[in-house]
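Residue numbers (the numbering used here): 387 to 1564.
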């Protein structure tokens, strides 16, 4: 055996052993347990520690106060106005959070009629269709979320009729017991939880009553005397009996009072002057003054159901107070019927605070006997609310075995606090922790739904987005979601005793899960200004001592998770640098407002904690879109909105730095020329500005905020790079963040955008200042499309945006056979609303609120413009085009079908092009993006449905457009496909009275074989001004989908700046080019003129990603499911989150490990072979 051969063999033996260990480490990289000596742990991140006696102490006692945790505390409410597309958008998040129960309830659902799927909206005074019918709701909750649906029945029985609303005769329908029984029976036993009523003791209040009794969200049919014990509890019992008669296993919740005062304080007064539904408020009647007088508060002649002054501290023991009276009434009813009628004592609890400090402390009032409330709902009285213990005591006294539920809970944000979303997250954790330790059986957080459906401007909408909602407008989690997520995934099994020596500084909750692990949630609440109660920024961490009292044997700290201030998601922490001793204590540095979850397991539990986690830098792309400058203003406070986050998963601070690559700050695809060129040139290197330090040491998450300045910049898309450098181990690492900003035309440029979906919502109605936006309805819940599957499904799409789009376009998947009526399948449309916004200005005068409204209608005022345009891309299955009906409506009731809507490359001066007859539809060639133009000075056919057209014409009022409707394949009940719409705009001459030229191509879709040439012809392009002509052409590549293994960078067109050019490529794929033309006065075209070239040796189309199995059925996933590639709600989840794919609580899966191992083995073998060859040559 030669020496060389021996060396090579020896090296290979060593190489494969190394490869084996690398593979082994890749498998067990999440299995590196830290053993802790007998339940006594000392964790330190620095050599010197404060004396244990000086530290706040957290004590966990697994043997005491053991209470089974009901899974149903992990519930959520969906807002009754929330459209179904939003539900589908966030359902992946809900599944990952293991939501157990979902409630369809709240104020307007007290007026819900299950038969016609309508509810009376007490604000708009309209009978509205509920976007997600109760049937679709139950189906979604049971089949998509694997959770329990929770429905609400009206306690007073006043529900929506079939008329439109108030002012119409018979707008309210009285629901009978038989109808309730029929509803319950029709659920087939799929609904376990039934609530009766919602906040019933304030339902009598109206906005026109004197201020002490005014409430804008209730009123009209319910009178004051309906809230009397005699009337209310008779109604409650009647409805409960109707439910039980159809399903004896149903679980009934009541009485659901709104908040603290309504647990024990009743307003029924026989002297109330309003005695008829909708009656005159009689604000001058002296009875109101008598009812409002403090001297009358406990007068039994004026308020007979209030009883005596409860001294507050003892209301739970007084049988005359609301909740005790409910328990007593249900016990008597149950004794009479021989079985339980209502299983739950249900309440709402909202905390309404006026400082940040009050907000973070107020949840203590749920459990702590001596905590004094400073909540507005308790009138800042300092009362010891001690709510959960009060409820338990009342149940034990008046009706044992009754379960406690909170069908709504959270914070009120009306007074601005908590203004820090992380405080809301901690409050959510505390709610759930206290619910678990006190045996609450069911709770539903408020709420899930688009946070803001209308408002004067985008700032208003942005502020609402971070308030009570679980998710923002884009369907991305707000911080309270991550707290809910952590608790639901980790805090299950049995609650155990957890105490802290200073609850004002720390919160702690603990449980023992089904595997016997101990899970401890702990938070350091931070420091607050002693005068204002505001949170003090840039605080250091606080050390605290934790002790787990037990003697069963050794424990292992198997996981340490964190959701801290600014963290992009829940962080699985690295434990490198943590040391231990045997003093029976654990000391840890808690960063302010960070939620920590410690998981302690026995030695043989099999769980482990991931180590060596690297710094995370997010997002991958910082996209400002066309509107955001990177900040909004809340009152006098400037709030930055766009930042780069540097997240440290370890316990040791890591230095980082950041720089803007100004040499890459170049403008792409300029669309227009402007004056002030020198200023524009200077702006190219300074449009992106950091607003805080670009260096630091990160302990949790640091965020550098950026703003942009569009001043003097021409229309176009601008990009830059931010380079983040940080130390990982002993090596320096870098990550580049792409920055994107769009500059779009304004009204001075002859364009007013009325919708381009850049606000991230289909529900924004913004009409006062740019950006403007209109809402979109899909007809879900109406008789023609009541239940899923639906005719239309909306999504925001990131991947199909065109050259003139920015972040999003609107995707509409349609399937006409899904309509629920023959007319729906043939004719049902989708369309817009909210072209006018009314902003109320309320002033007080005596006992009355005087309301005035200001109308804004930027998206409805079309006067002065020449045309309405929008960009469109279509794909009908089994066809090469899509037929489209477009209808405009105005506030006067005129409905017009454009006589000649045309694709913009068809010269609109020709009378022979486009629609020729009033029965014709616009035909859109499938495939490329195109622009549809509707000239506003053209004829409009009088559109009447259902009576039909007759060729008559109508005159539209372009000062008050209030709706745009679209019907794909009008009259065809089988067509299906997808439509993309973007950039709805009004166009006219710019400030220089110059109309934009129109780009046009001879053929939009071309197919060639590799190596063949084909001509792209842009000569049909034209200018709209008679004294102008086209002077320049430019063919701009858009995107390339290559199906071969390699792609050589090459030029595929012979003359990119000619009216006609040859295209050729040797590589198979789909090539897309936009044509941009320029006129004599340097104006550039804004319409989409697109050519798609398929290069294929077989001359056949590349397989459709939406129909991978080729069965002709569209395999599009609605709402970001596994098949929803290209849908923003699916792709945003993982951008930049390399260590957070899916639900990391479920562990690793073969789908993630096996491909990685195969790649690792393949690369390893190549490396071994190359090294061996080098060794032999040496």
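All C-beta atoms in this analysis are idealised placements derived from N, C-alpha and C, irrespective of residue type, glycine included.
Model, not experiment: these values are computed from the prediction.
Cα-Cα separation between residue i and residue j, rounded to whole angstroms
i	j	result
residue 580	residue 495	12 angstroms
residue 732	residue 790	6 angstroms
residue 1491	residue 974	With a pLDDT of only 39 at residue 1491, under the threshold of 50, the placement of this residue in the model should not be trusted; the figure read from the coordinates follows. Cα to Cα, residue 1491 sits roughly 50 angstroms from residue 974.
residue 606	residue 508	8 angstroms
residue 710	residue 560	29 angstroms
residue 544	residue 491	15 angstroms
residue 468	residue 1311	34 angstroms
residue 1471	residue 1384	5 angstroms
residue 1526	residue 867	Since pLDDT at residue 1526 reaches only 29, below the 50 mark, its modelled position is unreliable, and no value is offered.
residue 913	residue 747	12 angstroms
residue 630	residue 730	14 angstroms
residue 683	residue 676	10 angstroms
residue 1328	residue 1358	21 angstroms
residue 586	residue 736	16 angstroms
Residue i and residue j closer than 9 angstroms at C-beta
i	j	result
residue 1400	residue 1448	yes
residue 621	residue 604	no
residue 740	residue 648	no
residue 1140	residue 1111	no
residue 1245	residue 1220	yes
residue 742	residue 804	yes
residue 1007	residue 1124	yes
residue 688	residue 641	no
residue 1407	residue 1458	no
residue 1460	residue 1476	yes
residue 877	residue 818	yes
residue 445	residue 908	no
Residues that residue i bridges to, as DSSP identifies them
i	result
residue 1481	1394 and 1455
Residue i: first and last residue of the uninterrupted alpha helix (DSSP H) it sits in
i	result
residue 874	865-876
residue 723	708-723
residue 813	807-823
residue 895	Careful: residue 895 lies outside any alpha helix (DSSP H), inside the beta strand (DSSP E) at 892-898.
residue 1132	Note, residue 1132: premise wrong, no alpha helix (DSSP H); not H, not E.
residue 689	Residue 689 -> no alpha helix (DSSP H), and no H or E assigned at all.
Own chain residues within Cβ distance below 6 angstroms of residue i, not counting five before or after
i	result
residue 719	623 and 727
residue 1025	1018
residue 522	1173 and 1174
residue 830	461, 462, 463, 489 and 793
residue 548	502
residue 1096	1129
residue 767	none
residue 959	946, 948 and 1035
residue 776	702
residue 1196	1143 and 1367
Same chain, Cβ closer than 7 angstroms to residue i, five either side skipped, listed in chain order
i	result
residue 1077	1026, 1091, 1092 and 1093
residue 632	567, 570 and 571
residue 1394	1400, 1479 and 1481
residue 614	654 and 691
residue 1043	1080, 1081 and 1111
residue 1207	1169 and 1170
Residue i: first and last residue of the uninterrupted beta strand (DSSP E) it sits in
i	result
residue 1362	1362-1373
residue 737	730-737
residue 1077	No beta strand (DSSP E) contains residue 1077, which DSSP labels as neither H nor E.
residue 941	941-949
residue 933	928-934
residue 784	Note, residue 784: premise wrong, no beta strand (DSSP E); alpha helix (DSSP H) at 773-784.
Cβ neighbours of residue i in the same chain (closer than 8 angstroms, five flanking residues each side left out)
i	result
residue 575	633 and 635
residue 610	590, 653, 654, 655, 658 and 660
residue 927	910, 975, 976, 977, 978 and 1085
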